[in-house]
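Residue numbers (this note's numbering): 74 to 320.
Right, one structure below, let's go through it.
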């Protein structure tokens, strides 16, 4: 089955990204939270969700990745460049691996897509059928996927607002982590800021034209030693005669 790393390390659509991760273990949430910031993408990604075409990946968009511990699903919240949620994507998984630095899911094909208003749809049933027919999953796993998906849809119907509140808590935790990381980097940079040093004089290699003049001057000095001062006057007179006359 497909293994999905939540930092999107293998996703070629992203040209430049930032990733922040935090492991949480309290009475509100247990598991891994990741935040992928897409600084630059090759091209926007547009998908259909409950009959609406939505761009979910573009420059400066973010994906909030939530991996609950000991659960059979994970959540990806797609955010636009202003931080507005566009879609809530629930992956049904065989397993969530909440290993910090290598957090990943073992995908079980079936997914539930939810709009911010609570409308949802079940997708990728064909992928689940193919996985069963090809022997990638057992019949037990096939039925488990539908059970987990329907449990999620019941929760969404009953109280999606409560689910959103928990997701917002995860977003707060990852933003807090990102802020701490940024402050730590700034502090480290300040500590390693180089001291001011006196300016040093560096010798620069002369250009071809400059080198020609230098060699010419050397030759002139060499000739001057063996010639009368008249030669020097002649040189200066030649230089003077070559100057344009003042009007």
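Every residue gets a Cβ at the ideal spot worked out from N, C-alpha and C, and that includes glycine.
- In its chain, beyond the 5 residues on either side, 74 have a beta carbon closer than 7 Å to the beta carbon of residue 209.
- By the criterion of a C-beta distance shorter than 8 Å, residue 226 is surrounded in its chain by 185, 193 and 195, once the five residues flanking it on both sides are discounted.
- In the three-state reduction of the DSSP assignment, residue 82 falls in the coil class.
- Straight-line measurement puts the Cα of residue 93 at about 14 Å from the Cα of residue 256.
- Here residue 107 is buried. Its C-beta has 16 or more other C-beta atoms within 10 Å.
- As computed with DSSP, residue 194 is found in a beta bridge with 186.
- Counting along the chain, residue 110 sits inside the beta strand (DSSP E) bounded by residues 103-114.
- For residue 121, the enclosing beta strand (DSSP E) stretches over residues 118-122.
- When the Cα atoms are used, residue 182 and residue 216 turn out to be separated by approximately 12 Å.
- The beta-carbon distance between residue 239 and residue 95, rounded to whole angstroms, is 15 Å. This is too long to meet the 8 Å contact definition.
- For residue 242, the closest alpha carbon among the candidates 127, 118, 83 and 139 is that of 139.
- For the 8 Å CB-CB criterion, residue 79 and residue 114 do not form a contact.
- Remark: C-beta atoms of residue 167 and residue 214 approach each other more closely than 8 Å.
- Spanning the alpha carbons of residue 121 and residue 76 requires a straight line of approximately 23 Å.
- If you check the CB distance, residue 109 and residue 90 come in under 8 Å.
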